[in-house]
Amino acid sequence: MMRTLLFATIVLAGTAFAQFTQSLDNVTQAFTNAKIVPDVLPSFSPRALLNVTFTDASMQSVNVTPGIQLTMAQTAQEPQFFFLANVTIPPNLLYVVAIVDPDAPTPQNANISQFRHFLGGGFSVDSTTGLLMNNTAALTDFAPPTPPAGSDPHRYVVLAYLQPDNFDSIANQFVNASTNRMNFNITTFAQATNLSAPLAANFFLTGPDNSSSTGTSSSASPSGTSPGGSGGTSDASGKDMLGGLTWFMGLLVGILLS
Ligand SMILES: *[C@@H]1O[C@H](CO)[C@@H](O)[C@H](O)[C@H]1NC(C)=O
Ligand SMILES: *[C@@H]1O[C@H](CO)[C@@H](O)[C@H](O)[C@H]1NC(C)=O
Ligand SMILES: *[C@@H]1O[C@H](CO)[C@@H](O)[C@H](O)[C@H]1NC(C)=O
Ligand SMILES: *[C@@H]1O[C@H](CO)[C@@H](O)[C@H](O)[C@H]1NC(C)=O
Ligand SMILES: *[C@@H]1O[C@H](CO)[C@@H](O)[C@H](O)[C@H]1NC(C)=O
Ligand SMILES: *[C@@H]1O[C@H](CO)[C@@H](O)[C@H](O)[C@H]1NC(C)=O
Ligand SMILES: *[C@@H]1O[C@H](CO)[C@@H](O)[C@H](O)[C@H]1NC(C)=O
Ligand SMILES: *[C@@H]1O[C@H](CO)[C@@H](O)[C@H](O)[C@H]1NC(C)=O
Ligand SMILES: *[C@@H]1O[C@H](CO)[C@@H](O)[C@H](O)[C@H]1NC(C)=O
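In mature numbering (1 follows the signal peptide of the UniProt record, and there is no 0), the protein residues as written are -18 to -1, 1 to 240.
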């Protein structure tokens, strides 16, 4: 898949390589434990880590570790996405990011799933931070999790794909501003738009705010539908999965990899 290219790089130093591989294994395992494979993806072999960072209304930030449980308040605003890899990340390629909920309206009766919380292409990687920055408008703007009262927590799956050249013209035929967020299928969409397997992914759990009316309301969903999904299998081992890595950020333009 990787073509020969000029690369700007985010490179791991020394022993961090082993940790990186273990982190990838942990993400893969967490996806299987939470049944995201096969519920969302037929298989999953990540090549990079996808850090997802939410910042809430009081400017508190939280990094998503696979299976972490977050509140509706924590996930109310569009997160930032970061690629972390042990190989050079091409600076001149674009990526597609999606967030889907396979548990809407409840994990027990997910008859409107997948609910599409976000879908956007035109993301490029900042070579020094790994930040994915969008250069085009999203196909589907971010809608925060709004699992309905009484629901178990839903799984929210964040996926990053390499973007094919003709994605913009093709994707619009399948998803545009008037396309219902409900009953989406990311696998079908990926096949239709020639996305290959996801390069990196992550997921979190969010349940309804069970506090009384003073709590965070769930009125944010533009469709009025409570998306959600829970695989219910929070993977405690995912805690700090991505942590402890020491990263060496370097710029190695001109190195040819194949
Ligand atoms: C990068 O990680 C992948 C997946 O663990 C591994 O197969 C590959 O050998 C690693 N590459 C380097 C240069 O360490
Ligand atoms: C989903 O199931 C619920 C409960 O059985 C039902 O009330 C609702 O109409 C169903 N929705 C769809 C879109 O089928
Ligand atoms: C990037 O996404 C944000 C949030 O969806 C949007 O407001 C902005 O217009 C997008 N940037 C471009 C260049 O389209
Ligand atoms: C709210 O209640 C549901 C159903 O009892 C539970 O599964 C969920 O975890 C609760 N949400 C939170 C944020 O505690
Ligand atoms: C928008 O997407 C729908 C499918 O959700 C498709 O039927 C329709 O043709 C698209 N509209 C445009 C203008 O491409
Ligand atoms: C999504 O589509 C794929 C392939 O088209 C299919 O195998 C899978 O069962 C679908 N997933 C759901 C949840 O319907
Ligand atoms: C997807 O890729 C195949 C093989 O390269 C090509 O024949 C087809 O036209 C592509 N489809 C789209 C929608 O670009
Ligand atoms: C991977 O998971 C194992 C078992 O839960 C844990 O001990 C280890 O610290 C994790 N590794 C990384 C790099 O997160
Ligand atoms: C990635 O996330 C982990 C924990 O989720 C965090 O420890 C680490 O600092 C993050 N790295 C970057 C470069 O954002």
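Ideal Cβ positions, reconstructed from N, Cα and C, are used throughout, including at glycine.
So, helix, strand or coil for V79, using DSSP?
strand
Can you grab the Cα-Cα spacing for the pair T88 / V22, in whole Å?
15 Å
Could you check whether the Cβ of N184 sits closer than 8 Å to any heavy atom belonging to ligand 8?
No.
Give me the Cα-Cα distance between G132 and D191, rounded to the nearest whole angstrom.
9 Å
Can you tell me whether DSSP reads G206 as helix, strand or coil?
Note that G206 scores a pLDDT of 32, beneath 50, so its modelled location is shaky and nothing firm can be said.
For ligand 5, residues whose Cβ lies under 5 Å from any non-hydrogen atom
N158 and T161
How would you write the range of the alpha helix (DSSP H) that L23 sits in, first residue to last?
Counting along the chain, L23 falls outside any alpha helix (DSSP H), and DSSP gives it neither H nor E.
Rounded separation between V107 and A125 - CA only:
23 Å
Just the C-alpha distance for L32 and A80, rounded to the nearest angstrom, thanks.
12 Å
Residues with C-beta closer than 6 Å to any heavy atom of ligand 6, in chain order
N167, T169 and T170
In angstroms, rounded to a whole number, what distance separates the CA positions of P73 and S5?
Roughly 23 Å between the two C-alpha positions.
When you measure from the CB of A58 to every non-hydrogen atom of ligand 3, does any distance come out below 8 Å?
no
How is the beta strand (DSSP E) around A86 delimited, first residue to last?
From DSSP, A86 is part of no beta strand (DSSP E); its letter is neither H nor E.
Just to confirm the assignment: which complete beta strand (DSSP E) runs, minimum length 3, are found wholly within the stretch 123 to 190?
136 to 144 and 182 to 188
If you draw a straight line from the C-alpha of L66 to the C-alpha of F171, how long is it?
Approximately 25 Å, taken between the alpha carbons.
Per DSSP, I50 forms a beta bridge with which residues?
Looking at the DSSP assignment, I50 forms a beta bridge with F186.
May I have the straight-line CA-CA distance separating G211 from G104, to the nearest angstrom?
Because G211 carries a pLDDT of 34, less than 50, the predicted location of this residue cannot be relied on, and the following value inherits that uncertainty. For G211 and G104, the distance between alpha carbons rounds to 27 Å.
Could you pull out every residue in the same chain whose Cβ sits closer than 8 Å to the Cβ of N167, ignoring the five residues on either side in sequence?
Result list for N167: Q96, in chain order.
Put T10 into one of helix, strand or coil per three-state DSSP.
helix
For S43, three-class secondary structure by DSSP
strand
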